[in-house]
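Visitor: Residue numbers (our numbering), protein chains in the order written: chain A, 373 to 579; chain B, 373 to 579. Note that CB positions come from ideal geometry on N, CA and C, so glycine has one too.
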DNA sequence: GTCTATACACCGATAGAC
DNA sequence: GTCTATCGGTGTATAGAC
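Structure (structure tokens):
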């Protein structure tokens, strides 16, 4: 998503352009295409032309529904996080939340997408703020689960804290995913075994 | 680094263009600029024009020293890994290799650069192969250190394996770095404390 | 709501003079 | 080894007809 680095006419007045409504089918198609391009081709390949092509629409239509490409990415991220939070709440209220949670995190089909959003967030302030908000909210919910689990184990695991587990699960899942995509798997089985062991110990099957 | 998606004349014969020698100062400046752009602006902003601008050279010179932009990135990565391996060997032969190693990994100023290379490697086959080669070589060396440390602890840590530690350190360092860049620090102190505790336990100060 | 037409900057890459 | 000139394609974004 190349950004204009230099523009002759300094800045247009706060963009009086028309913007399409949120319930439109084309708008959804554009958001779908945006995620598909991000996931399959990476953010460097994200452009209004490519998005429109994937969505089967004209390029200029992207600018009818979204003021700028940054707005489009932000909207796609917000839609994604809304879905993600809903799924997350289901997981946390399941019978064995830690097992469900780790299943979700380690088997996420969205890890690649998340990576692209994070990468973009480093350079786009509005997106960065959203990513931080979402990550912290997510982590708070996860911490609550970990706290309940650790309380049952008294002092046998007293060097562990809930945020520690929360972060380590995310860290492991993300590295394993990235390396798997690249074709690296050295040590992965060992790490999975460690987590499986720990998960079963923290959250054994109901007696 | 936008890649040409379509070309009228199918493919030029195997590029009979001139290529500059490796000991040239301009060539080094181009490689330096490439890493600077990657680190500061991300791979989406990497272009021959931008690289030349940062290096204070003409755009076309980039193509005198490197056949394509992909070649340039690959050369920059190879130069980086050669330096990295040399530093790595120093660390491993130090007095407390695990402490030195973790210092290096957790305080790396190159984490951002590494991320960009990994991200590019997902789409550039030649770079991907180099990244895999480097990562696996690196991991083998690290595993050797871990093996020596774990042997001294007999059966007290028998659910741990060397690759497990190697991977978990990398995973934690990378997530902590990325989140720190984004402005997220929830749980980071806890994770650092866990690693400090484990590192001191595995590799105590000489008696 | 969707279309055509268009502006202007930037991209990778090459040819050939000096 | 470095320069100028250039090709054709892609980028964001806008104006205005239908």
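#1: List the residues of chain B that residue 547 of chain A touches, going by C-beta distances under 8 Å, in chain order.
#2: Taking 7 Å as the cut-off, decide whether the C-beta atoms of residue 373 of chain A and residue 441 of chain A are in contact.
#3: Check each candidate in B:549, B:520, B:464 and name the one with the smallest Cα separation from residue 563 of chain B.
#4: Helix, strand or coil: which one does DSSP assign to residue 571 of chain A?
#5: Check the C-beta distance from residue 559 of chain A over to residue 504 of chain B and give it rounded, since I have them as a contact under 8 Å.
#6: With distances taken from CA atoms, which of B:416, B:463, B:435 is nearest residue 472 of chain B?
#7: Taking only three categories from DSSP, how would you classify residue 391 of chain B?
#8: Should residue 515 of chain A go down as buried or exposed, given a rule of 16 or more other Cβ atoms within 10 Å for buried?
#9: Would you tell me roughly how many angstroms separate the C-alpha atoms of residue 544 of chain B and residue 507 of chain A, rounded to the nearest one?
#10: Residue 402 of chain B to residue 492 of chain B, Cα distance in whole Å?
#11: Report yes or no: do three or more beta-carbon pairs, one from the stretch 484-498 of chain A and one from the stretch 511-531 of chain A, lie closer than 8 Å?
#12: Based on Cα-Cα distance, which residue from B:404, B:477, B:435 lies nearest to residue 451 of chain B?
#13: Would residue 314 of chain B pass as an interface residue toward chain A - the criterion being a Cβ-Cβ separation below 7 Å?
#14: Among residues of its own chain, excluding the 5 on either side of residue 511 of chain B, which ones have a beta-carbon nearer than 6 Å to its beta-carbon?
#15: Around the Cβ of residue 455 of chain A, are there at least 16 other Cβ atoms within 10 angstroms (buried) or fewer (exposed)?
#16: Distance check for residue 392 of chain A and residue 557 of chain A, CA to CA, integer angstroms please.
#17: I'd like to know if residue 469 of chain A contacts chain B, where contact means its C-beta is closer than 7 Å to some C-beta of that chain.
#18: If we call anything under 7 Å between Cβ atoms a contact, is residue 500 of chain B one with residue 522 of chain A?
#19: Interface residues of chain B around residue 463 of chain A at Cβ under 9 Å?
#20: With the cut-off set at 7 Å, would you say residue 547 of chain B and residue 488 of chain B are in Cβ contact?
#21: Find the residues of chain A that neighbour residue 415 of chain B, judging by a C-beta separation of less than 7 Å, and give them in chain order.
#22: Just mark residue 534 of chain B as buried or exposed, buried being the case when its beta carbon has 16 or more other beta carbons within 10 Å.
#23: Do the CB positions of residue 497 of chain A and residue 449 of chain A come within less than 7 Å of each other?
#24: Do we get a CB-CB distance below 7 Å when we pair residue 391 of chain B with the residues of chain A?
#25: Should residue 422 of chain A go down as buried or exposed, given a rule of 16 or more other Cβ atoms within 10 Å for buried?
#26: Based on Cα-Cα distance, which residue from A:577, A:573, A:375, A:567 lies nearest to residue 474 of chain A?
#27: Buried or exposed, going by whether 16 or more other CB atoms sit within 10 Å of the CB of residue 467 of chain B?
#28: Assign residue 465 of chain A to buried or exposed, taking buried as 16 or more other Cβ atoms, counted over all protein chains shown, within 10 Å of its Cβ.
#29: I want to verify the contact list: residues of chain B whose CB lies under 9 Å from the CB of residue 566 of chain A, in sequence order.
#30: Around the Cβ of residue 415 of chain A, are there at least 16 other Cβ atoms within 10 angstroms (buried) or fewer (exposed)?
#31: Please state whether DSSP places residue 384 of chain A in a helix, a strand or coil.
#32: Run down chain A in chain order and give the residues with a C-beta less than 7 Å from the C-beta of residue 445 of chain B.
#33: Counting only beta-carbon atoms, is residue 508 of chain A nearer than 7 Å to chain B?
#34: Helix, strand or coil for residue 519 of chain A, going by three-state DSSP, please let me know.
#35: What does a CB cutoff of less than 8 Å around residue 453 of chain B pick up in its chain, not counting 5 residues either side in sequence?
Guide: Taking the geometry as given:
#1: The answer, in chain order, is 539, 542, 543, 546, 547.
#2: Yes, the pair counts as a contact, with Cβ atoms nearer than the cut-off.
#3: Residue 563 of chain B has its Cα closest to that of B:549, out of B:549, B:520, B:464.
#4: Assigned with DSSP and collapsed to three states, residue 571 of chain A falls in helix.
#5: Rounded, the Cβ-Cβ distance is 14 Å, inconsistent with contact.
#6: Closest by C-alpha distance to residue 472 of chain B, out of B:416, B:463, B:435, is B:463.
#7: Looking at residue 391 of chain B - three-state DSSP - the assignment turns out to be coil, as it is neither helix nor strand.
#8: Buried, by the Cβ-count rule.
#9: So the alpha carbons of these two residues sit roughly 16 Å apart.
#10: Roughly 18 Å between the two C-alpha positions.
#11: The answer is no - the stretch 511-531 of chain A does not touch the stretch 484-498 of chain A, with fewer than three Cβ pairs under 8 Å.
#12: Looking at the Cα atoms, B:404 is the closest of the given residues.
#13: Only positions 373 to 579 of chain B appear in this structure, which leaves residue 314 of chain B out of reach.
#14: Once the five neighbours on either side are set aside, the close Cβ partners of residue 511 of chain B are 538.
#15: Result: exposed.
#16: Straight-line Cα distance between these residues: approximately 46 Å.
#17: Not one chain B Cβ lies under 7 Å of residue 469 of chain A.
#18: Residue 500 of chain B is not a Cβ neighbour of residue 522 of chain A, given a cutoff of 7 Å.
#19: Within chain B, no residue comes near residue 463 of chain A; the closest Cβ sits about 19 Å away, beyond 9 Å.
#20: Not a contact, by the Cβ cut-off of 7 Å.
#21: The contacting residues are 416.
#22: Classification for residue 534 of chain B: buried.
#23: Cβ atoms of residue 497 of chain A and residue 449 of chain A: not closer than 7 Å.
#24: Not a single C-beta of chain A is nearer than 7 Å to the C-beta of residue 391 of chain B.
#25: Under this definition residue 422 of chain A is a buried residue.
#26: Distance check between residue 474 of chain A and each of A:577, A:573, A:375, A:567 places A:567 closest, using alpha-carbon atoms only.
#27: With fewer than 16 Cβ atoms within 10 Å of its Cβ, residue 467 of chain B is classed as exposed.
#28: Exposed: under 16 other Cβ atoms inside 10 Å.
#29: Simply 531, 532, 533, 536, 540.
#30: Within a 10 Å sphere around the beta-carbon of residue 415 of chain A sit 16 or more other beta-carbons, which makes this residue buried.
#31: Annotation note: pLDDT 48 at residue 384 of chain A (below 50); position unreliable, no value reported.
#32: Neighbourhood of residue 445 of chain B in chain A, by CB distance below 7 Å: empty, with the nearest CB roughly 12 Å away.
#33: Yes, residue 508 of chain A counts as interfacial toward chain B.
#34: Reduced to three states, the DSSP call for residue 519 of chain A is helix.
#35: Closer than 8 Å at the Cβ level, and outside the excluded window around residue 453 of chain B, lie 502, 506.
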